[in-house]
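**Student:** Protein sequence lines, in the order shown, are assigned to chains B and E. Going by our numbering, the first residue of the first sequence is number 3, and it counts up by one from there. Going by our numbering, the first residue of the second sequence is number 3, and it counts up by one from there.
There are 2 protein chains.
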Amino acid sequence: MAITEYFIRFLQRRDALQDRDLERLRNVRTQHVSFASGDVIVPADRSARRSCMMLRGLSARSHQLVGRSEERVITALHVPGDFVDLHGFVLAGLEHSVVAIGNAEVEFIDHAELTEITENFPHLTRLLWMATLIDAAVHRQWLVAAASLRSSAHLAHLLCEIYTRLNAVGAAGNHQFSLPLLQRELADILGYSPIHVNRAVRDLRDRGMIRWSGADIQILDWHGLATLARFDPSYLDMERQSR
Amino acid sequence: MAITEYFIRFLQRRDALQDRDLERLRNVRTQHVSFASGDVIVPADRSARRSCMMLRGLSARSHQLVGRSEERVITALHVPGDFVDLHGFVLAGLEHSVVAIGNAEVEFIDHAELTEITENFPHLTRLLWMATLIDAAVHRQWLVAAASLRSSAHLAHLLCEIYTRLNAVGAAGNHQFSLPLLQRELADILGYSPIHVNRAVRDLRDRGMIRWSGADIQILDWHGLATLARFDPSYLDMERQSR
DNA sequence: TTGGCGACTTAATGAATGTTAGACCTGGCA
DNA sequence: TGCCAGGTCTAACATTCATTAAGTCGCCAA
C-alpha cells in the first residue's frame, strides 16, 4: 500500500512540497496492519527496521518503569497522519513501546526506504526531520502543562490538544470526538492516580464544559475549556514562511 | 571561530564520523558570544537566522506562561557541546527562549551553513537530526520523571542526568560539578514551589547523598542517588552502534 | 435470568505540595 | 563598621493529590 494522505497533508500544512518530493512520497511502499486495543504496535527495542504511521485510531508511547513492572507512563498520544516512531529510524533504538489505544490501523515503512530518501531528497528529509521536531514541541508543551496546571486544567489541556490535532487532519469536528482511553490510562498520561483523574473529569463535567460517556466526548464550552487550560495551539502549527 | 570540539565528541560518542563529514564540521564558521547569568541568548521568535551551541556554562529553555507574566517553566537544560536550538533551523521558529544559567559562552552558526550541509552531506545531516532527537528523548524522560517521582527523587533524577551529561563531554568528573541554579530556578524546572525544592534539597542532604553549597555540588552516594531516582542513562543514547 | 467482572464513581483519611510569613546568612557597599 | 539586598532556610497552615475501601453501573457469559 501507499503512504497515507493524512501525512502528506500534515507536511503540506507546514511547507510547500515540491513535485519531485511528492512523487517520491507517493511511491513509498507500506505494509498495512490492524491492532486491537492494548496491542503492542512497536516494542521497545534497539534494532527496529521499520517505522509506523497512524492511519486510523490512536496510539501511545508507553514507558515501562524499572522495578515497578505494573506501572507505566505515557509520554505521547498519536492521531492519524502522525509518523509515530520515525525517530526510531535515526536513533539507535526506542526506549519506549508504542501501543494501540482502541482499535488502530497503521502503515509500516521500511527503514531502507527512508535511508534512500535521506540520501537523495534533502528537502524531503528536512520535512521528515521537522515532523519529529513537532513531536518534541508537543513534549515540551506537556512538560509546561504538567508543571503549571492543576488536575482539571491539565486534563482540559489534553482534551484541547487532542481535539485540535484530530480536527486538523479531518478526523473530528463539531467539538466532538472519540477518545477510547480508560481513566486508568488517562492517569498514566497525566501523572495522577485514576481516582484523581475521575475527580478532574467530574469537575469539568460539573462546570458544564464537557459531556463524556464511554469513548465519546463532546466539548460544550470550548472557550471556557481553552481558557482554563491556557491552551494556545501555536506549538502545534509551526507553519513555516517561504524559505 | 570554529565549532566546538565538545559537539564533535558528542557525535563521535554516538556514531562514527566519516573524514569528509569531520572536515566539513571543522570548517563551520561560528561567532563566539559570552552572556551573563539570566541573559536571553535566543529570544522566542519566528525568524531566527542562526542557531547556537553551548561552549561553556549552562543554558535553559524558558517558556513564558500566558497571562502570568512573572511565571515561567524551564523544559530543558543544556551543557557544553549541546546544539541548543538546532530545531530552530528546521522549524519555523521557537516557542520558547533560551537563557543563560550562570555565565555562559556560546557559538552561533548561520542557518545558511546548515542548509548547505543538509544539501550535500546526508550522513552528517542525519547526525544533526539525531542530536535534536536526543533532546526529545530527554524531554520524554523528564515527563516520566515528573509523572512517577516524588520531589526528592525527581530532584535526584535531574542531578544524575546533568552530572552524566557533563561527565560525558569532560566538563565534570569525580562526582563533582558546578550548577549555578537558584532554588527558584530549580522550581521552574521541576514544577514545584521554591520552598518545596528547598525541602527536597534538605532531604537529599540529610540522607547524606549530596553536598551542595552555592553552585558547587558533590555527589557523595552516587548509587543511592541513582537508585532513588531510578536513573537509567540509556535514554541519552550514548552507546555507539555500528550503523 | 443471574452472577461476575471491569470500569466508573464516591467518601474518608493521610501524605505530598503550595502559600504565607519571617528568620538567618552572606556579600557588596556606603 | 553597619546597612542593604538577595538568597537560603524554617515553621504554620491551606490545598492538592494518593490511598484504601466500598458502592454503582453496564456488559456478557453461564
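C-beta atoms are modelled at their ideal positions from N, C-alpha and C, and glycine is treated no differently.
DSSP state of S99/B, grouped into three classes?
**Tutor:** strand
**Student:** Does any residue of chain E bring its CB to less than 8 Å from the CB of A231/B?
**Tutor:** no
**Student:** Would E246/E be called buried (16 or more neighbouring beta carbons within 10 Å of its own) or exposed?
**Tutor:** It is not possible to answer for residue 246/E, since the shown part of chain E is limited to 3 through 245.
**Student:** Short of 7 Å Cβ to Cβ, which residues in the region 137-161 of chain B face chain E?
**Tutor:** Hits within the stretch, in order: D137, A138, A139, H141, R142, W144, L145, V146, A148, A149 and S150.
**Student:** Is E72/B buried or exposed, if buried means 16 or more other CB atoms sit within 10 Å of its CB?
**Tutor:** exposed
**Student:** Would you mind giving the Cβ-Cβ distance between M56/B and V81/B, rounded to the nearest angstrom? I have them listed as a contact below 8 Å.
**Tutor:** 6 Å
**Student:** Less than 8 Å between CB atoms is the rule here; does A46/B satisfy it with respect to chain E?
**Tutor:** no
**Student:** Who pairs with A106/B in a beta bridge, going by DSSP?
**Tutor:** DSSP lists F37/B as partners of A106/B.
**Student:** Whole angstroms is fine: what's the gap from R74/E's alpha carbon to A147/B's?
**Tutor:** 11 Å
**Student:** In the structure shown, what three-state DSSP assignment does H80/E receive?
**Tutor:** strand
**Student:** Quick one: does T166/B have its CB under 8 Å from some CB of chain E?
**Tutor:** No, T166/B does not count as interfacial toward chain E.
**Student:** In chain B, what lies closer than 8 Å to T6/E by C-beta?
**Tutor:** Near T6/E there are no residues of chain B at all, since even the closest Cβ is about 22 Å away, more than 8 Å.
**Student:** Under 8 Å, do L157/E and L116/E count as touching if we go by C-beta distance?
**Tutor:** no
**Student:** Name, going along the chain, the residues of the region 169-201 of chain B whose beta-carbon falls closer than 7 Å to a beta-carbon of chain E.
**Tutor:** Those would be G193, in chain order.
**Student:** Kindly indicate which residue of Q178/B, L160/B and L181/B has the alpha-carbon position closest to the one of F233/B.
**Tutor:** L160/B
**Student:** Going by DSSP, what residue range makes up the alpha helix (DSSP H) through F12/E?
**Tutor:** Where F12/E is concerned, the enclosing alpha helix (DSSP H) starts and stops at E7 to Q14.
**Student:** How many angstroms separate the CA atom of L181/B from the CA atom of E118/E?
**Tutor:** Spanning the two alpha carbons is a distance of roughly 44 Å.
**Student:** Helix, strand or coil for L2/B per DSSP?
**Tutor:** This structure cannot settle anything about residue 2/B, because the visible part of chain B is limited to 3 through 245.
**Student:** Is the beta carbon of R26/B sitting closer than 8 Å to the one on L126/B?
**Tutor:** Yes, these two residues count as a Cβ contact at 8 Å.
**Student:** Among the candidates L93/E, A106/E and R28/E, whose CA atom is the shortest distance from the CA of A62/E?
**Tutor:** A106/E
**Student:** So what's F179/E in DSSP terms, helix, strand or just coil?
**Tutor:** The answer is strand: DSSP assigns F179/E an E or B state.
**Student:** By Cβ distance, which residues of its chain are closer than 8 Å to H141/B, with the 5 residues on each side in sequence left out?
**Tutor:** Counting only Cβ-Cβ distances below 8 Å, and skipping sequence neighbours, we find T77 and A78.
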